[in-house]
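Notes for the one structure printed next.
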Amino acid sequence: MPSPLNINLIIPFKDNKAGRLNLHRNEIDWFKENLAIRVEDLKEELTSLFGEGFELTLAPRSDGNSRKYYWRFKSSKRDRKYNRLHTNTVVDYVRKFDEVRKLRLKEIEEELIYINAKLKLIKGILDSIDQSLEERAELRTANI
43 MPSPLNINLI IPFKDNKAGR LNLHRNEIDW FKENLAIRVE DLKEELTSLF GEGFELTLAP
103 RSDGNSRKYY WRFKSSKRDR KYNRLHTNTV VDYVRKFDEV RKLRLKEIEE ELIYINAKLK
163 LIKGILDSID QSLEERAELR TANI
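In our numbering, the protein residues as written are 43 to 186.
So this is what it looks like as structure tokens:
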């Protein structure tokens with residue numbers, strides 16, 4: 043994974059220059075894209091580890107404001123809900139694999155939890171920037 047997002051550089055509230063804000067937005071977008079790329083890498087790893095017949099995939103789902111990744115069965119004959127790895131239907135399916143593969147699935151789930159948390163933080167940061175710009179615009183148009 044590339045270098046982590048530098049939180050100290052994200053919201054320069056004292057800096058009113060749009061160029062700098064755009065620079066930070068670009069950095070945030072780059073980080074967000076890298077998280078999506080990492081999820082795609084994990085999906086490819088699932089295929090190489092378990093083969094094409096593996097019935098689970100990693101699927102994005104909108105969580106109101108941001109995207110979150112979950113496990114989902116590929117087949118319509120199975121429970122097509124978005125699940126965490128510890129959900130009963132997923133546990134029943136995963137039981138048939140050896141301990142090494144189950145351990146790797148747990149590691150992938152843990153990484154997904156962190157990716158989901160980062161995506162939520164990114165959404166909050168972008169919302170804060172938008173809110174500060176709106177409030178600044180209101181202040182500048184206020185008749186004080």
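The beta carbon of each residue, even a glycine, is placed where N, CA and C say it ideally should be.
None of the values given here were measured: they were computed from a predicted structure.
Figure out for me which residue from the options has the closest Cα to the Cα of residue i.
{"i": "glycine 106", "options": "Leu161, Glu69, Asn125", "result": "Leu161"}
{"i": "phenylalanine 73", "options": "Glu177, Lys165, Ser170, Ala179", "result": "Lys165"}
{"i": "leucine 91", "options": "Asn68, Asn130, Phe139, Asn76", "result": "Phe139"}
{"i": "glycine 95", "options": "His128, Asn130, Arg62, Tyr135", "result": "Tyr135"}
{"i": "threonine 129", "options": "Gly93, Thr183, Lys148, Glu176", "result": "Lys148"}
{"i": "arginine 87", "options": "Ser118, Arg146, Asn64", "result": "What sits at residue 87 in the sequence shown is glutamate, not arginine. Out of Ser118, Arg146, Asn64, Arg146 has the C-alpha closest to the C-alpha of glutamate 87."}
Under the assumption that residue i contacts residue j (Cβ atoms under 8 Å), give the Cβ distance between them as a whole number of angstroms.
{"i": "threonine 99", "j": "lysine 116", "result": "5 Å"}
{"i": "isoleucine 155", "j": "leucine 84", "result": "Isoleucine 155 to leucine 84, Cβ: 12 Å. No contact."}
{"i": "glutamate 97", "j": "arginine 62", "result": "Wrong, their Cβ atoms sit about 48 Å apart, outside the cutoff."}
Give every residue of the same chain whose Cβ lies closer than 6 Å to the Cβ of residue i, excluding the five residues on either side of it in the sequence, and list them in chain order.
{"i": "valine 132", "result": "Trp113, Asn125"}
{"i": "lysine 110", "result": "Arg103, Asn158"}
For residue i, I'd like the list of residues in its chain whose CB is within less than 7 Å of its CB, leaving aside the five on either flank, ordered along the chain.
{"i": "leucine 77", "result": "Ile157, Lys160, Leu161"}
{"i": "arginine 122", "result": "Arg114, Phe115"}
{"i": "lysine 144", "result": "Val136"}
{"i": "glycine 93", "result": "none"}
Leaving out the 5 sequence neighbours to the left and right, which residues in its chain are closer than 8 Å to residue i when beta-carbon positions are compared?
{"i": "arginine 67", "result": "Leu168, Ile171"}
{"i": "glutamate 75", "result": "none"}
{"i": "alanine 101", "result": "Tyr111, Tyr112, Trp113, Arg114, Tyr124"}
Q: Could you pull out every unbroken alpha helix (DSSP H) segment of at least 4 residues lying fully inside the region 96-149, listed in chain order?
A: Within the region 96-149, the complete alpha helix (DSSP H) segments of 4 residues or longer fall at 130-136, listed in chain order.
(Q) Restricting to runs no shorter than 3 residues, where is the beta strand (DSSP E) found entirely within the region 57-85? (A) none
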